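Engineer: The structure's right below; bear with me while I get my questions together.
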Amino acid sequence: MSIREFALPDLGEGLTESEVVAWRVAVGDRVELNQIIADVETAKAVVELPSPYAGVVTALHAQPGETVNVGEPLFSCDTGEASDAPGGSNAASQVDASAPKAAAGADATAGADATADADATADADAPREPTLVGYGAVADGAPRRRRPRRAPADDLVPEVPAQETHAATAEPAAPDTPARERPRSTPPVRKLARDLGVDLEAIEGTGDDGLITRADVERAAQGAGEASAAGRPAPAPTGAIGGRDTSTPGETRIPIKGVRKHTAAAMVRSAFTAPHVTEFLTVDVTATMDLLRGIRDDRALSAHRVTPLAVVAKALCIAARRTPEVNSRWDDEAQEIVRYDGVNLGIAAATERGLVVPNVKGADRMTLLELADALAELTATARSGRTAPADLAGGTISITNVGVFGVDAGTPILNPGEAAILAMGAVNRRPWEYRGEVALREVMTLSLSFDHRLVDGEQGSRFLADIGSILREPGRALTMS
């Protein structure tokens, strides 16, 4: 029997934590190598997590809705019962390597610590872990992140020969420096305790073998609050437990995490870094709407979902060729302006988890129909929470459609690292001057925000006017392509 802990990996986005959305397995289930075991939500998207081991699930270290830091254990697996599966030989070698030190413990706590040290040593000597589907192989010699141990005696264990470990660990501590065991708890519970200002060493766990549970921490926090009300000292109020306000009636406090946390940080960084300028242009788009109606009525083209968004996106890509300043970024560290050769068009998508901005790679090289299909697929994937991390990185310019909400215009904030973002408003029928007469026409307002460090007023105005010109007369796109 060999129990292996799977620590939450870095999902390749430079993020430090993820929230468990749902488990695909339960304790006792047999899993295969690279089988999807859980859905975890990063600050950008929901990611399917594959198992690095084949075996039987022995523990799930977090509940749905709990946040786990990168490097902390996510689940445990008994690989000894799956020695014939991929990775089984590694598991067997780990068992042999850990046996001498595991036997050195005199009691349950010492035995657990010795086994943990042995597993860490065996990990360093064992062959490379099997590569997960969707993740790169672990580099040779790369350090493995381990949870810190607080008991000083543990640090001495590696220095003592295996045959002497029993005597060393059984030696009683001096009366003036009693050894203390770290309270048994899971990473999410420890994080909750930190957030609530609760000392785990002062709590008696009610779980199996004295495990401190989430309920134990919440009871301790509530007890501290009652003590404070009675005039005794207590930790500073934390505001909320599990999303429920604990201080002021009539308020509900929602933890800031996931997509909302990432979006908030990005918007603040953008708003206070890039000097924003926003310009507006109202355009007669009757000819564009006639074009769309013609596409929908054409049987050969009706399979493509060509929307006003797709036409505006295509117009943006064409206009960006004439004004490359809008398709660039400011590299403050290198003191350089970076111009992009192609357009990776970001599309702001509202999802249940918040705002995300996936992007279509090489949008400027696509036809109108290809771009329409790509946008439809990208937005559908984003709303389902299944956007791949690669689709959320590398955008060069963005577009947002506030018109779907019946809004005419807005002042969009730049996606960090980009020079411009275009907002398209709703299409409305209004009295409009057309060929010297007042007629009922379909009009739309465009709003362009740009970084004034990169884009001068003349350049931004020309870019917006070019987009409007194409939408007013779609045939002009042929002369600008």
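In terms of this note's numbering, the numbers along the sequence shown are unbroken and rise by one, the last being 484. Quick reminder that beta carbons are idealized off the backbone N, C-alpha and C, glycines included. Just so you know, these numbers come straight off a predicted model, no measurement behind them.
1) Could you check the C-alpha separation between Asp122 and Ser79 for me, to the nearest Å?
2) Quick one: grab the DSSP three-state call for Ile206.
3) So for Asp81, helix, strand or coil by DSSP?
4) Going along the chain, which residues of its own chain have a beta-carbon closer than 6 Å to the beta-carbon of Ala377, five neighbours each way excluded?
5) Any idea if Pro252 is buried or exposed, counting beta-carbon neighbours within 10 angstroms, 16 or more meaning buried?
6) Consult DSSP for Arg33 and reduce its assignment to one of helix, strand or coil.
7) Does Val28 come out as helix, strand or coil in the three-state DSSP assignment?
8) Can you check which of these residues, Glu51, Leu77 and Val24, is closest to Glu8 by C-alpha distance?
9) Going along the chain, which residues of its own chain have a beta-carbon closer than 8 Å to the beta-carbon of Ser21, five neighbours each way excluded?
10) Ignore the nearest five residues each way along the sequence and tell me which others in Leu312's own chain have a CB closer than 6 Å to its CB.
11) Looking only at its own chain, which residues have a Cβ that is under 8 Å from the Cβ of Gly365, when we skip the five neighbours before and after it?
12) Looking at the structure shown, is Phe466 part of a helix, part of a strand, or coil, going by DSSP?
13) Does the contact criterion of 3 or more C-beta pairs under 8 Å hold for the segment 297-305 versus the segment 275-283?
14) Going by the CB atoms, is the gap between Arg444 and Asp287 shorter than 8 Å?
15) Only counting the same chain, and skipping five residues up and downstream in sequence, which positions put a Cβ closer than 6 Å to that of Asp179?
16) Quick one: is Arg30 buried, meaning 16 or more other Cβ sit within 10 Å of its Cβ, or exposed?
17) Ile416 and Ser464 - do their beta-carbons sit closer together than 8 Å?
18) So what's Asp13 in DSSP terms, helix, strand or just coil?
19) Which residues mark the beginning and the end of the beta strand (DSSP E) in which Ser305 is found?
20) Return the first residue and the last residue of the beta strand (DSSP E) that His265 is part of.
21) Mind checking which residues open and close the beta strand (DSSP E) that includes Leu425?
22) Kindly indicate the opening and closing residues of the alpha helix (DSSP H) around Arg368.
23) Report the residue from Glu440, Pro434 and Ala62 whose alpha carbon sits nearest the alpha carbon of Thr285.
24) What is the C-beta distance between Leu425 and Ile402, in whole angstroms, given that I count them as a contact (C-beta under 8 Å)?
25) Measuring CA to CA, which of Glu254, Ala65 and Ala316 is closest to Glu373?
26) What three-state label does DSSP hand Cys325 in the structure shown?
Structural biologist: According to the structure data:
1) Below a pLDDT of 50, predicted positions are generally treated as unreliable, and Asp122, at 46, falls in that range; the measurement from the model is reported next regardless. When the Cα atoms are used, Asp122 and Ser79 turn out to be separated by approximately 13 Å.
2) It is coil, neither helix nor strand.
3) DSSP, read as helix, strand or coil, puts Asp81 in strand.
4) Contacts found: Val363.
5) Exposed is the call here.
6) Here Arg33 carries a strand assignment [DSSP, helix/strand/coil].
7) Here Val28 sits in coil by DSSP.
8) Of the candidates Glu51, Leu77 and Val24, the one whose C-alpha sits nearest the C-alpha of Glu8 is Leu77.
9) For Ser21, same chain residues with a beta-carbon under 8 Å away, outside a window of 5 residues either side, are Leu11, Leu14, Val43, Glu44, Thr45, Val50, Thr70, Val71 and Val73 in chain order.
10) Within the same chain, Leu312 has close Cβ partners Asn404.
11) Around Gly365: Gly345, Val346 and Asn347.
12) The answer is helix: DSSP assigns Phe466 an H, G or I state.
13) Touching, no.
14) In contact: Asp287 and Arg444 (Cβ atoms closer than 8 Å).
15) Residue placement at Asp179 is poorly supported in this model, since its pLDDT is 47, which falls under 50; the coordinates are not used for a value here.
16) Correcting the residue type first, residue 30 is Val in the shown sequence and not Arg. By the neighbour-count criterion, in which a residue is buried when 16 or more other Cβ atoms sit within 10 angstroms of its Cβ, Val30 is exposed.
17) Taking 8 Å as the Cβ cut-off, Ser464 and Ile416 do not qualify as a contacting pair.
18) Three-state result, Asp13: coil.
19) Per DSSP, Ser305 belongs to no beta strand (DSSP E) and is neither H nor E.
20) Note, His265: premise wrong, no beta strand (DSSP E); alpha helix (DSSP H) at Gly261 to Ala274.
21) Run containing Leu425: Ala423 to Met427, per the beta strand (DSSP E) assignment.
22) In the DSSP assignment, Arg368 falls outside any alpha helix (DSSP H) and carries neither an H nor an E.
23) Taking only the C-alpha atoms, the option nearest Thr285 is Pro434.
24) Between the beta-carbon of Leu425 and that of Ile402 there is about 5 Å, and that keeps the pair under the 8 Å contact cut.
25) Ranking Glu254, Ala65 and Ala316 by CA distance to the CA of Glu373 puts Ala316 first.
26) At residue 325 the sequence reads Arg, which differs from the Cys that was named. Reduced to three states, the DSSP call for Arg325 is helix.
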